[in-house]
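Structure, as structure tokens:
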Amino acid sequence: MNKTVNITTWSNDHISWTDITDPTHAELKEFSKKYHLDYYTLADCLEPAHLPKKESLQDFTFIILRVYDEKAVEHPSSIQGMSRKIAIFYNDKVILTIHRVHAAIVGEIRSKYLDTGIIGEPSEIVTKIMYYTVKSYEPNSVRLSEEIDKMEKLVFMNRQTRITLEELYFLKNTCRLNRRIISLSKEVIIQHTTTEKDASALQDVRDLLQKLSLSFDETHDDSANLSTIYLSIVSLKTNDVMKLLTIFSVFFMPLTFIAGIYGMNFEFMPELRWQFGYPLILLVMTLISFVIFWWFKKRQIL
Numbered sequence: 246m247n248k249t250v251n252i253t254t255w256s257n258d259h260i261s262w263t264d265i266t267d268p269t270h271a272e273l274k275e276f277s278k279k280y281h282l283d284y285y286t287l288a289d290c291l292e293p294a295h296l297p298k299k300e301s302l303q304d305f306t307f308i309i310l311r312v313y314d315e316k317a318v319e320h321p322s323s324i325q326g327m328s329r330k331i332a333i334f335y336n337d338k339v340i341l342t343i344h345r346v347h348a349a350i351v352g353e354i355r356s357k358y359l360d361t362g363i364i365g366e367p368s369e370i371v372t373k374i375m376y377y378t379v380k381s382y383e384p385n386s387v388r389l390s391e392e393i394d395k396m397e398k399l400v401f402m403n404r405q406t407r408i409t410l411e412e413l414y415f416l417k418n419t420c421r422l423n424r425r426i427i428s429l430s431k432e433v434i435i436q437h438t439t440t441e442k443d444a445s446a447l448q449d450v451r452d453l454l455q456k457l458s459l460s461f462d463e464t465h466d467d468s469a470n471l472s473t474i475y476l477s478i479v480s481l482k483t484n485d486v487m488k489l490l491t492i493f494s495v496f497f498m499p500l501t502f503i504a505g506i507y508g509m510n511f512e513f514m515p516e517l518r519w520q521f522g523y524p525l526i527l528l529v530m531t532l533i534s535f536v537i538f539w540w541f542k543k544r545q546i547l
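Mind the numbering: the sequence shown is residues 246 to 547 in the working numbering, read in order.
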């Protein structure tokens, strides 16, 4: 069965934008010859593990961005499991975007900005791609903040038993992955230059990026602190249980000792024949218990 490749091109007198979804090696070679791009660079940009970066090639600027994947698993374990990669090659006249799966942001940018004539330079298109890429992480930022607030309420309202270490681990790991993607994207976006007309749009991208960066930094720190607090509370509760067991053992230790002595089966034990031996021993046990209780109260242990 032949693989269907989606290649679309939009162009006018000033700009040509070609978008390629999941190309074959033959098509990559064709684009390599057409745009004078190194074939291995084109092939390498399809590797799923690449992180956001920017490179200056001979005739093009090469950028890799990662878009949040709405179909990602609930608890991603890696950046690749959370996001999809989009590779961008552009110069003053041409922009080439390559990705493995369908990217909805491409069609949205074309219909909203290119067809209306708002954008006229490849660098301006790159700015919009950056904006939609960063914007894709905003709902995740809100969701993580809400989850942390919910868990904090459970912990600090003495209902922490409803939270598991597994939940805290996945929350912390998701915060860490989002934080890393935004941090790497920040380095790429800061280096991006565009037209004077597009300067305000680029500033909007940087402002949004800064907002998300602060948000993910906060959620990551909060998740780490929450894990520490949770473990401290669990440890404190364990100590309380051990304290209670110790108190019980202190009460019963002397009583058990007395009961053990008079439970021995020696024939010559004069106390066994006392008329009031039994109530006397009970009285002694009661006095011992009272003294222990008084000592604990004085030491403010009880």
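Backbone N, C-alpha and C define an ideal beta-carbon position, used for all residues, glycine too.
| Query | Result |
| --- | --- |
| Would you give the residue range spanned by the beta strand (DSSP E) that V339 belongs to? | 339–344 |
| Roughly how many angstroms lie between the CA atoms of N336 and T440, to the nearest whole one? | 13 Å |
| Which residues does DSSP list as the beta-bridge partners of T253? | D264 |
| The beta strand (DSSP E) with T409 in it runs from where to where? | It is not in any beta strand (DSSP E) - T409 carries neither H nor E in the DSSP assignment. |
| Tell me where the alpha helix (DSSP H) around F565 begins and ends. | What is shown of the chain runs 246 to 547, which leaves residue 565 out entirely. |
| Can you look up E516 in the DSSP assignment and give me helix, strand or coil? | helix |
| On the DSSP bridge assignment, give the partners of E300 in chain order. | F307 |
| Taking a contact to mean a Cβ-Cβ separation below 8 Å, would you say S340 touches P367 in this structure? | A small correction: the amino acid at residue 340 is Ile; Ser does not occupy that position in the sequence shown. Yes, the Cβ-Cβ distance between I340 and P367 is below 8 Å. |
| K351 by DSSP, collapsed to three states: which one? | With the sequence shown as reference, residue 351 is identified as Val, and Lys is not the correct amino acid for it. Three-state DSSP puts V351 in a helix. |
| Pull up the DSSP beta-bridge partners for I331, would you. | L310, H344 |
| Grab me the residues of H320's own chain with a C-beta within less than 6 Å of its C-beta, minus the 5 sequence neighbours each way, in chain order. | F415 |
| Check this for me: beta carbons of L457 and V371, under 8 Å apart or not? | no |
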